[in-house]
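One structure below.
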Amino acid sequence: MSVDSMFVHKMWDEEELSKMVDGGIPFPMLSDAGGRVGTLYGVYDNEAGVETRGRFIIDPDGVIQGYEVLTPPVGRNVAESLRQLQAFQLIRAKKGAEATPSGWKPGKATLRPGPDLVGKVWEVWKVDQAFED
Amino acid sequence: MSEELNVSCARPIGSEVDQGIDDSFVIEGAEASKAKKEETTMIMVGRKAPDFSAPGYHDGKFVNVKLSDFQGKWVVLCFYPGDFTFV
Chain A
1 MSVDSMFVHK MWDEEELSKM VDGGIPFPML SDAGGRVGTL YGVYDNEAGV
51 ETRGRFIIDP DGVIQGYEVL TPPVGRNVAE SLRQLQAFQL IRAKKGAEAT
101 PSGWKPGKAT LRPGPDLVGK VWEVWKVDQA FED
Chain B
134 MSEELNVSCA RPIGSEVDQG IDDSFVIEGA EASKAKKEET TMIMVGRKAP
184 DFSAPGYHDG KFVNVKLSDF QGKWVVLCFY PGDFTFV
């Protein structure tokens with residue numbers, strides 16, 4: 001979503017993005033002329049007249065599970081957004097019985113929060129795991 | 134999921150979808166609009182995402198998309214400064 005019109009979205013998709021992604025952008029490219037929606041989400045820069053780089057993960061109940069906002073010159077890390085999405089999906093599937101520690105990725109160990117884990121995280125989770133690829 | 138738009142010279146814009154504010158206590162006049170403003174600018178994890186509808190381009194068509202139409206699915210909502218920019 002940006003302040004550009006849907007007509008400009010069409011041209012951008014046809015003229016440039018379809019040369020990067022086969023078949024063009026597969027999801028809706030939304031128009032927020034005037035920044036009303038961006039204002040609602042706290043990411044519209046009124047002085048510059050554009051949206052900042054806000055990214056919101058919204059669950060199937062419509063609840064915001066995570067967000068990140070960057071100023072325009074720095075691009076996002078899409079892999080990190082996908083990692084967070086996978087983590088939130090796992091937590092939801094396990095109905096909160098498991099949690100994903102720092103550095104978690106799909107396939108890595110989760111934690112089971114509860115009285116037995118208090119003071120024992122050091123036994124099941126090592127600092128190196130926060131930095132592993 | 135999304136309704137197709139009839140294209141004319143008018144440029145449709147996005148807007149908030151009123152979600153029925155809890156009116157268990159009623160504030161009148163200026164105070165009410167101030168309270169509503171504060172409420173709508175509060176974005177927090179664990180809270181409902183404000184519903185909105187916005188025009189857009191998808192799959193060769195011009196469409197109108199409402200966030201609440203995606204109820205039951207995971208949504209990643211991304212804002213960015215502008216088309217044809219670099220990052």
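Chains as they are written, first to last, in my numbering: chain A, 1 to 133; chain B, 134 to 220.
Just so it is clear, CB atoms sit at the ideal spot from N, CA and C, and this is done for glycine as well.
Here the structure is a predicted model, which is why all the values come from computation and not from measurement.
- When C-beta distances to chain A are compared with 7 Å, the residues of the stretch 178–194 of chain B below that value are Val178, Gly179, Arg180, Lys181, Ala182, Pro183, Phe185, Ala187, Pro188, Gly189, Tyr190 and His191, in chain order.
- Beta-bridge partners of B/Asn197 (DSSP): B/Glu136 and B/Pro188.
- Within the same chain, and ignoring the five residues on either side of A/Phe131 in sequence, the residues whose Cβ sits closer than 8 Å to its Cβ are Gly103.
- When Cβ-Cβ separations below 9 Å define contact, A/Thr52 makes contact with chain B.
- When beta bridges are read from the DSSP output, A/Lys120 appears opposite no residue.
- Each of A/Ser18, A/Leu40 and A/Lys10 was checked against the Cα of B/Gly147, and the nearest Cα belongs to A/Leu40.
- Under the DSSP definition of a beta bridge, A/Ser31 partners with A/Ser2.
- One Cα belongs to A/Glu98, the other to A/Leu90, and the distance between them is close to 8 Å.
- With respect to chain A, the C-beta atom of B/Glu149 has a partner C-beta closer than 9 Å.
- Between B/Gly205 and A/Pro60 a beta carbon distance of about 5 Å is seen, short of the 8 Å cut, so the two are scored as contacting.
- Minimum Cα-Cα distance from A/Thr71 among the listed residues A/Asp128, A/Val63, A/Arg83 and A/Thr52 corresponds to A/Thr52.
- For B/Glu149, the three-state secondary structure derived from DSSP is strand.
- Annotation: Cβ neighbours of B/Lys206 in chain A (cutoff 7 Å, chain order): Pro60.
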